[in-house]
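Only one structure is covered here, and it is reproduced in the block below.
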Amino acid sequence: VVGDGATTIRPVHVPHDAEGAVGYRIEHDGVRLGYATDLGRVPEALLEAFDGVDALALESNYDPALQTASARPEFLKRRIMGGAGHLSNEQCLDAALAIDRRRPVQCLALLHLSRQCNCPRLVRSLYAERAPELLPRLLIADQHEPSPMVRVVGRAGDRRGSARDACPTHLFNS
Numbered sequence: 144v145v146g147d148g149a150t151t152i153r154p155v156h157v158p159h160d161a162e163g164a165v166g167y168r169i170e171h172d173g174v175r176l177g178y179a180t181d182l183g184r185v186p187e188a189l190l191e192a193f194d195g196v197d198a199l200a201l202e203s204n205y206d207p208a209l210q211t212a213s214a215r216p217e218f219l220k221r222r223i224m225g226g227a228g229h230l231s232n233e234q235c236l237d238a239a240l241a242i243d244r245r246r247p248v249q250c251l252a253l254l255h256l257s258r259q260c261n262c263p264r265l266v267r268s269l270y271a272e273r274a275p276e277l278l279p280r281l282l283i284a285d286q287h288e289p290s291p292m293v294r295v296v297g298r299a300g301d302r303r304g305s306a307r308d309a310c311p312t313h314l315f316n317s
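My numbering numbers the first residue of the sequence shown as 144 and each following residue consecutively.
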């Protein structure tokens with residue numbers, strides 16, 4: 144854990160085929176953010192670290208049907224879908240639901256969508272079917288445009304609980 148008193152950053156190792164991949168729990172002035180991209184699955188340690196976050200930013204890299212049908216080489220498909228590559232839309236949704244059920248998040252930002260094997264329409268459709276309660280809090284980051292600022296408020300009973308912007312827009316872009 145790294146911190147200066149006002150801000151703490153807690154890295155959590157995640158499975159990815161690149162050495163040293165981590166997700167982060169960032170706390171500042173009573174606001175808590177969970178941030179993870181480049182992970183092939185969601186380990187229990189990450190779910191525990193993200194318990195009680197106010198905002199959640201996770202990769203939602205690919206749609207399994209599009210990935211399987213893509214013209215990508217088989218070795219690349221296996222790497223991406225093999226548990227040490229990237230999260231599918233379903234894996235991301237399962238993690239988001241597990242975290243949100245413990246304590247509802249104010250914002251769920253989906254990051255790192257594949258240009259070839261995913262699209263926002265498919266993601267929204269999945270959430271509409273399986274988790275419509277998350278749709279009003281869903282932000283799907285575009286790879287080419289900045290996302291809007293997101294206001295996240297510290298919760299009553301939190302140590303410092305004042306309203307703050309959770310983080311700059313560029314943290315939601317991948």
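Idealized CB from N, CA, C, for every residue including glycine.
DSSP three-state assignment for residue i, whether helix, strand or coil
i, result
"Cys235", "helix"
"Val196", "coil"
"Pro154", "strand"
"Arg336", "The chain is shown only over 144 to 317; residue 336 falls outside these bounds and no answer can be derived."
"Ala252", "strand"
"Val266", "helix"
Residue i classed as buried or exposed, judged by whether at least 16 other C-beta atoms fall within 10 angstroms
i, result
"Arg175", "buried"
"Leu219", "exposed"
"Asp170", "Checking the displayed sequence, the identity of residue 170 turns out to be Glu instead of Asp. Buried, because 16 or more other Cβ atoms sit within 10 Å of the Cβ of Glu170."
"Ala192", "buried"
"Ser268", "exposed"
"His159", "buried"
"Asp147", "exposed"
"Glu276", "exposed"
"His156", "exposed"
"Asp181", "buried"
Chain-order list of residues whose beta-carbon lies under 6 angstroms from that of residue i (same chain, five-residue window excluded)
i, result
"Ser231", "Tyr205 and Pro207"
"Glu263", "Note that residue 263 is Pro in the sequence shown, not Glu. Cβ within range, chain order: Ile283."
"Ile223", "His229"
"Ser257", "Asn204 and Tyr205"
"Thr150", "His171"
Close-in-space but distant-in-sequence residues of the same chain around residue i (CB under 8 angstroms, 5 per side omitted)
i, result
"Gly195", "Arg175, Arg245 and Arg246"
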